[in-house]
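Down below is the structure, laid out as structure tokens.
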Amino acid sequence: MADTHSHTADAHSGDHGHGHSGFSHPMPIWMLLTVFFALLGLTFLTVFQAQFDLGNMEIVLSLLIATIKAGLVIAFFMHLLWDKPLNAIAILSSLIFVSLFLGFTLMDAQGYNERLIMDPNGDLLERSQPKGSLVKKSE
Amino acid sequence: MSAVTSPMTTTVASPDKSPEHHYLNHSSGFLSWALTLDHKRIGMMYLAGILFSFFLGGVFALAIRIHLWNPNLDPEAAWLSNATYNRVFTLHGAIMVFLFIIPSVPAALGNFLLPIMLGTKDVAFPRLNLGSFYLWVTGLLFFTYTLFSSGIDTGWTFYTPYSIESKSAVEAATLGVFILGFSSIFTGLNFIVTINTMRPPGMTWFKMPLFLWAVYATSIIQVLATPVLGITVLLLALERFIGIGIFDPALNGDPVTFQHFFWFYSHPAVYIMILPAMGIISELMSVHSHKGIFGYRMIAYSSIAIALFGFLVWGHHMFTSGMADVTTIVFSALTFTVSIPSAIKVFNWLGTMYQGTVALNTPMIYALAFIFLFTIGGLTGLFLGALSTDMHLHDTYFVVAHFHYVMMGGTLVAFLGGLFHWWPKMTGKMFNDTAGILSAAIVFVGFNLTFLPQFVLGTRGMPRRYASYVREFQQLHQLSTIGAMTLGLGLLVAGLVLLHSLFYGKKAPMNPWGGATLEWECSSPPPHDNFSSPPTVGDPYDFTSVEYDGKTGSYFKKKK
Amino acid sequence: MNSLILADISEGFWFPPAASTFAKQVDFLYYAILWISIIFFIPIVIAMIYFMVKYRQRPGYKGSPEALHNTPLEITWTVVPSFIAIWIFWEGAVGYLDMAIIPDDTVDVAVYAAKWNWNFKYKENGAESPILYLPIDKDIKLTMQSKDVLHSFFIPAFRAKRDVVPGRYHYLWFHPTREGVFDLFCTEYCGDNHSTMITKVQVLSDEKYKAKLAELVKEPEDIVERGKWLYERKACKGCHYAGTEGAKGPGPSYNGSWGKKVPLANGTEVTFDENYVKTSILNPMEAARKGYETASAMPSYKGQLKDEQIDALIAFIRSLESGPARPK
Amino acid sequence: MKIESPRQQGRHPFPKFQKTMTEVAAPADGHGHDHHDHPSWLAHHFDDAEQQYDSGKLGMWLFLVTEVLFFSGMFCAYVLYRNRNPEVFEFCSAFLNEKLGAINTGVLLFSSLTMAWAVRASQLKQTKILVGMLGATLGCAAMFLGVKSVEYSHKWGIGLLPGRYYVAQVENAPHAETNYLQMLCVIPAILSAVFLLYYVYSLVIASKFHQRVAGPLLVSGLCFFAGVGLGNILEGGEHHDEHGAGSHAHDDAHGHAHADPLVQGVATAEKATVETADEGISFVKTSGGPVNDVAVTKEEEGIPNSKVNNQGMAGLFFSIYYCMTGVHAVHIIGGMLVITWLIVKASREEFHSEYFGPVDNVGLYWHLVDFIWIYLFPLLYLIT
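Protein chains in written order, with our numbering: chain A, 505 to 643; chain B, 439 to 998; chain C, 5 to 332; chain D, 101 to 484.
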């Protein structure tokens, strides 16, 4: 990836020579195609790995591949690598806030999952021992 | 010029009688307003709209208080039936929150002032700005529709599962909120871009007036939090249309999840409401004390800090709703982090008055009332942030009193202060200062009389949203109702003072209060393009060169 | 009875009488924060008024226009409140943990919340009551469940509150320390008659509590009385009026219909008789009345009422025709 | 006092102060290199092209931020319910055809490529390539929707509907009478006909501009039906197949080719139940919540896998599935509208190296739509 990066810088300085004003940075075609085929390859990879039963690793692997793909799209297609840092900060902050949202909500869900009513017709008093509280009572 | 008298008394009509060219008479006709791209006209249209919403919300508030004069122990003999009462308090909350407070300062005052204070000609996206206004109007229409159909009785929080099974017009209300959310998002987005890319030469970040810092912080929240409200109410509407079940316990969904979704927006929304008000107060305190703001950077940073911390504390609305214990405690700890930046601001405002020249005119009286009321609101937040006391106070009148002290004693009073402060700039007319001070005094007394008893009510256990109550609470409720009437009277006086000025007010000078920010360097009202010559950007709180000119009744900046 | 309900202001201006062990901690923290607030608030107001007067704009006076900045002062007023806030948080969290950790060996009561009634079921003998009876000086544990929407269980005198969420068990415990009758409120908005979802909690001495539980399991002998007894205990009363002719509650009134044709939501008509009442109780969806289309909000009582209890209810509804008397 | 500003160098601070907005309509030569005269593409309140471009771009990124947070609500719902009832997700994802998902991923990735290429073309003022690339993007979007229509209509036909409307899946269940696919195709068919007429009209009047606009529109209309055809082939063309769920969910790795997803679902769900039972927690529910406790009728008791095959479990999965993919599809449709607008503008040769902001910004939006699909595909279709 670092290799690609340096090439791009060259490509851009080349474009500047053609008299474009300061803010237009046309992407070289070879780079667009490279990124596209990389994305396609990763898609095949993720479909392929889904054939195997990898247990919990499957989620991790799928999401890892998805994140690499998303990174490629954002960095190259969306041109973020050469963009103003503020734009990168904006999109990264959105991801941070999404993780905050998911994180707190999940943290809560872990705590109450076991207090959910599984058998609505059961006698309430049978369930009078709380299980889910993360604060365990002293033994 | 040595004698510093109140600018009010010495205001003289402008010597040249030729009709002045400004944004109000730049063009005429209905379409010139309806299709305008001028941020000032859009701001004025917002102002008219939100004042109308405020009136509507206020009528509902008075209806609530009148109804609660009696304990209504026999629902059939009560003035309002239980179902009507529920609709009244819901509409009061929803209109005040979504249609009034959230757009009040940013959309109305912010739209008018932001480009002028920044020294630009307009916001970055004028069409989007007009679009946000029409989204707001559409939202208003949806709410008006609910008003004339079966009302809405879910409380402004739309808690599931009640909002799923309610027979009232929840769909219209949620779609209204969805649309209003996008109006808010686009306003925030517009302001962020304007401040980031359109500052003129000399306007560095730390030369920006604190009002702009506050609006910037607000805009960050609007952009980051409001989309979550959008998806939440969309899912709620789908829940009613096709029964998707995500929030519906009957379909294995979970109501507490809805609360997480809702408060992820609605807690930061509290800061959407209060941050711009704090910005106004920063301006008012320094201008009317004729003195540079105390600790500029701390106020600026604390605005951003409040905006960011505001995202970490939404769980404190859910302490009793059955969150996991660990989450509850973490949220409580985070809640206290927000109290510190707010405290810093109060101390800094007081520091600004120290050794200044404090002009006790209407905007300043409102600002001082704000400090008094907001401090009470902030301190009572400590009771609710602490877990064990919150267990007792949650969902009681204590909470009602607390957030009215913050939202109304804070935002509304600051909004009124700001309105009086910038009124001469916006309309070109001076108002009667004595009558203005009277209105501030009545509002202050009425407000405290309304909500101080509610702290006691809440602590004694009076739950909120009750159409009837046990008899022991009656005296306190009646006290509160008397206060509400007084408050209504004060607001009426304030409205009359402003209306009166429109027709009989003297012509406002360029800089009646002695402000050093850029909006005081263009004529009142401002010309269509804001400045007839490029403004010199300087320190917005440098009052050393601001001098009073007795002849014009205006302050001016001495050339160095 | 009334004199018992009315709170006694002489016990304190702020709080209702303290009747559980939680009260000590909650009240202490409340007063502590109150005093901290006052200590902050008074100087702020005094400074404000003093500056207002001393530095007011007046002929012959001109203050300094220079902006001030004082780093040590700013640090002080940032750091000192921080420590106070940390202390308040700590005290609050400790008190909360006390409320969250349920002790062993408790008296168990099940709480069923439904629009707009509370129903309590005692583990000792399966008795049920709409008023909560508790023994003094015991750890009480409530296991709570809502049948429809969110409710919240709140006894101000105990300083105890917890939401009751449909689809979940929620637990609450406390330790009553004083005999008497206290208010029990629903504090989470739950629809039309939210403000009438009030009942009482009565704390009794041990013997009286035992006697009360024994009394509770005894159903009245007379079938109509028994129907009325069930009507009041099985959450019928919250929605269906039985007394005023034509009074429209959330559900249809029981009066004035017996033996007549009543219109259904699906457009047909049906005779209001034993069969219809039984269907309505067991399968409310099927028998939804016109004008009450969302009667789906009424839960089915299938499995919750015995046949003879349904018969008693029918007898009670039928009895309303002859002599209407609104049960209070 | 003079303070260094971020944009001070080489620019007149307030270029046109006295002019009002109406006066700004300067003659547009489309190559406004002259900073002292506002060309038509430069709004009056901006100083120069770069400021306008930067503002537009920052605005678009901020809009994308709101989009990410908008979708986050649904991702949150997904994570919560997956976390709570993993066996439901195993049961239900067997009903999703991963081939269709993969094809759609490819189509969207290709459209991202053409969109990025279009941005390049607009910067270099290659009008023909620009219109072609925008047309290709539009076509891909239409094809995506075509495949999606097949997917949706197939599911609706066998009762895989969200929440309350979910129909428990039974072997040999009768097919629905309604042909949802035809209903979904009505609007695209009408539009295609209109585009065809428009194209013929543009040929008749021999307007190069109209041909440039009509061509891509017509192609995209046809692409939708290509997508429908492709979807039908991949769906196995088994609308007349033996059982409702179709035979698409092959899972050769598990060793039972052509396994009925129902059987599979039963197996996995039972496995999950057994596994969790050891921990003393039963994830198994008869139906939804307490309000629903009369819902299970005699007929329903005969349904295979009734523990997860009901409205509260599988129905909830399909709620999340339809919400996520539906909102995504709405974004695709919105994107198609703005791309059409771009094609019109591009055909008028409005874009050049100083003014390509609209193409760039629509491109950013389009890539975000792709970005979200990149996550939706594995989360919904792949992870079992």
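Even glycine gets a Cβ: it sits at the ideal position worked out from N, Cα and C.
| Check | Outcome |
| --- | --- |
| Just the Cα atoms here: how many angstroms apart are B/Thr449 and B/His505? | Low per-residue confidence applies at B/Thr449: pLDDT is 38, beneath 50, and the placement is therefore not dependable, though the value from the model is reported in the following sentence. So the two alpha carbons sit approximately 46 Å from each other. |
| Any chance you could list the alpha helix (DSSP H) runs of at least 4 consecutive residues sitting entirely within the segment 200-252 of chain C, in chain order? | 210-220 and 227-237 |
| Counting only beta-carbon separations shorter than 8 Å, does B/Ser992 have a partner in chain C? | no |
| Evaluate the contact criterion for the segment 233-245 of chain D versus the segment 432-440 of chain D: three or more CB pairs, one atom per stretch, below 8 Å. | yes |
| Using DSSP with H/G/I as helix, E/B as strand and the rest coil, what is A/Pro532? | coil |
| Give the range of the alpha helix (DSSP H) segment to which B/Ile533 is assigned. | Premise fails: B/Ile533 is in no alpha helix (DSSP H) and is neither H nor E. |
| Distance check for C/Ile321 and C/Ile227, CA to CA, integer angstroms please. | 11 Å |
| Does DSSP put C/Ser156 in a helix, in a strand, or in coil? | strand |
| How many Å lie between C/Val30 and C/Cys243 at the Cα? | 36 Å |
| Given a cut-off of 8 Å on the beta-carbon distance, is the pair C/Arg182 and C/Val207 in contact? | yes |
| Would C/Tyr137 pass as an interface residue toward chain A - the criterion being a Cβ-Cβ separation below 8 Å? | no |
| Indicate whether at least one CB of chain G lies closer than 8 Å to the CB of D/His428. | Checking the listed chains, one finds no chain G in this structure; the protein chains it contains are A, B, C and D. |
| Quick check on C/Met289: buried or exposed, where buried means 16 or more other Cβ atoms within 10 Å of its Cβ? | exposed |
| Could you check where the alpha helix (DSSP H) with A/Glu562 kicks off and where it finishes? | Asn560 to Leu576 |
| For a cutoff of 8 Å on Cβ pairs, would you count B/Asn634 as touching chain A? | yes |
| Between the segment 52-65 of chain C and the segment 795-805 of chain B, do three or more beta carbon pairs fall short of 8 Å? | yes |
| Out of B/Asn968, B/Tyr986, B/Pro973 and B/Asp980, which one is the CA nearest neighbour of B/His459? | B/Asn968 |
| Out of B/Leu578, B/Leu667 and B/Pro706, which has the shortest C-alpha to C-alpha gap to D/Glu167? | B/Leu667 |
| Since I believe B/Leu613 is in contact with B/Val580 (beta carbons under 8 Å), could you give me their beta-carbon distance rounded to a whole number of angstroms? | Per the sequence shown, residue 580 of chain B should be read as Phe rather than Val. Confirmed, about 6 Å. |
| List the residues of chain C that B/Phe774 touches, going by C-beta distances under 8 Å, in chain order. | Ala89, Ile90, Ile92 and Phe93 |
| Does the segment 77-85 of chain C touch the segment 802-819 of chain B, meaning 3 or more C-beta pairs lie closer than 8 Å? | no |
| For D/Phe477 versus D/Cys192, is the C-beta distance shorter than 8 Å? | no |
| Using 8 Å as the Cβ pair cut-off and three pairs as the minimum, do the segment 200-209 of chain D and the segment 445-456 of chain D touch? | no |
| Can you tell me whether C/Ala316 is buried or exposed? The criterion is at least 16 other CB atoms within 10 Å of its CB, across all chains shown. | buried |
| Assign D/Met283 to one of two classes, buried (16 or more other C-beta atoms within 10 Å of its C-beta) or exposed (fewer than that). | exposed |
| In this structure, does DSSP put B/His505 in helix, strand or coil? | helix |
| At which residue ranges does the segment 656-737 of chain B contain complete alpha helix (DSSP H) runs of 4 or more residues, listed in the order of the chain? | 693-727 |
| With a threshold of 8 Å between beta carbons, is D/Cys192 in contact with chain B? | no |
| Alpha carbon to alpha carbon, what distance is there between B/Trp951 and B/Ile1001? | Since the first and last residues shown for chain B are 439 and 998, residue 1001 of chain B lies out of range. |
| Would C/Glu132 pass as a contact of C/Lys142 if the rule is Cβ separation under 8 Å? | no |
| Run through DSSP, which three-state label would D/Asn185 get? | coil |
| Counting pairs of Cβ atoms below 8 Å between the segment 870-883 of chain B and the segment 557-570 of chain B, do you hit three or more? | no |
| Measuring only between beta-carbons, confirm whether A/Leu565 sits less than 8 Å from chain C. | no |
| Reducing DSSP to helix, strand and coil, say where C/Trp94 ends up. | helix |
| If the criterion is Cβ atoms closer than 8 Å, does the pair D/Val484 and A/Thr547 meet it? | The displayed chain sequence assigns Thr, not Val, to residue 484 of chain D. Going by C-beta atoms, D/Thr484 is not nearer than 8 Å to A/Thr547. |
| May I have a chain-ordered list of the beta strand (DSSP E) segments no shorter than 3 residues that lie completely inside the segment 249-328 of chain C? | 265-267 and 273-275 |
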